[in-house]
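Residue numbers for the sequence shown follow my numbering, so the first one is 13 and each next one is one higher.
Quick reminder that beta carbons are idealized off the backbone N, C-alpha and C, glycines included.
Below is one structure, written out as structure tokens; comments come after it.
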Amino acid sequence: MRLKLVQVGEAVLRNSARELTRDEILSRDIQQLIDFMHETLRDAPGVGLAAPQVGEGIQLAIIEDLPEYSRNLTPEQLTERQRKPVPFQVIINPTISPIGEPEIEFFEGCLSLTGFMAIVPRYRHVRVDCLDEHGQPKTIEASGWYARILQHEIDHLHGKLYIDRMYSRTFMSLDNFTRLWKDATPAEVRSKLLHE
Ligand code: ZN
Numbered sequence: 013m014r015l016k017l018v019q020v021g022e023a024v025l026r027n028s029a030r031e032l033t034r035d036e037i038l039s040r041d042i043q044q045l046i047d048f049m050h051e052t053l054r055d056a057p058g059v060g061l062a063a064p065q066v067g068e069g070i071q072l073a074i075i076e077d078l079p080e081y082s083r084n085l086t087p088e089q090l091t092e093r094q095r096k097p098v099p100f101q102v103i104i105n106p107t108i109s110p111i112g113e114p115e116i117e118f119f120e121g122c123l124s125l126t127g128f129m130a131i132v133p134r135y136r137h138v139r140v141d142c143l144d145e146h147g148q149p150k151t152i153e154a155s156g157w158y159a160r161i162l163q164h165e166i167d168h169l170h171g172k173l174y175i176d177r178m179y180s181r182t183f184m185s186l187d188n189f190t191r192l193w194k195d196a197t198p199a200e201v202r203s204k205l206l207h208e
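Now the structure itself:
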């Protein structure tokens, strides 16, 4: 079943989500929610979906970056973005720790802000401690695009959206992103949009 995607303006996107107990994780309701979220993510399509985006204020998110989503990117763009496919995974009650200092800047969009994009600085490397869909602890060390997705989704569990972290002068419609900036480097966008 495809779930309705909550759009910005609804309080559930701005509240901190609550943690799940192990019993809840193993319950039929949550297992079914995970399946429905997966179907919803594939249908969108998108690379990550957090429970608040389907109206559930719980600390659960899913990630999946399929190879075909990168089909139209050049090898240079893939390298620049450090983007590799990520198999489907479930993240529950996560804590996230940045590793190292450097931040990287890239365009991001969100299924709860349909039709917009902006440049958002994110940590290059992160470590995430969380539970999986069986309630088992797992640790993820991620870099590049995968680290960006994790930061974006875990923000959702704390009532934060990319617009809270973006360079607001780079905020734009998806149409204009596709028409004007899709192939530009962040440095080019910076020089043309970020000057005062
Ligand atoms: Zn989002």
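Asked                                                                                                                          : Found
Three-way DSSP call (helix, strand, coil) for glycine 60 in this model                                                         : strand
Distance cut-off 7 Å: glutamine 163 Cβ against heavy atoms of ligand 1                                                         : no
CB of alanine 73 within 8 Å of CB of isoleucine 131, strictly                                                                  : no
Limits of the unbroken alpha helix (DSSP H) element including phenylalanine 189                                                : Neither: phenylalanine 189 is in no alpha helix (DSSP H) and is coded neither H nor E.
Integer-rounded CB distance, given that valine 98 should sit under 8 Å from isoleucine 46                                      : The Cβ separation is near 16 Å, so there is no contact.
Closer than 7 Å: serine 39 CB and nearest ligand 1 heavy atom                                                                  : no
Limits of the unbroken beta strand (DSSP E) element including methionine 129                                                   : 128-143
8 Å contact criterion, which cysteine 122 and tyrosine 158 should meet: CB distance rounded                                    : Cysteine 122 to tyrosine 158, Cβ: 17 Å. No contact.
Alpha-carbon to alpha-carbon, serine 28 and isoleucine 70                                                                      : 8 Å
8 Å Cβ cutoff met for glycine 60 and histidine 164                                                                             : yes
Extent of the continuous alpha helix (DSSP H) run through glutamate 76                                                         : Unbroken run through glutamate 76 is the beta strand (DSSP E), 72-77; no alpha helix (DSSP H).
Arginine 134, buried or exposed, once every other Cβ within 10 Å from all chains shown has been counted against 16             : buried
Neighbourhood of glutamate 153 by C-beta distance below 6 Å, restricted to the same chain and skipping five residues each side : Arg139
Selected residue, minimal CA-CA separation from phenylalanine 48, among Glu36, Val66, Asn105 and Thr86                         : Val66
Contact under 8 Å by Cβ, glycine 156 with glutamine 94                                                                         : yes
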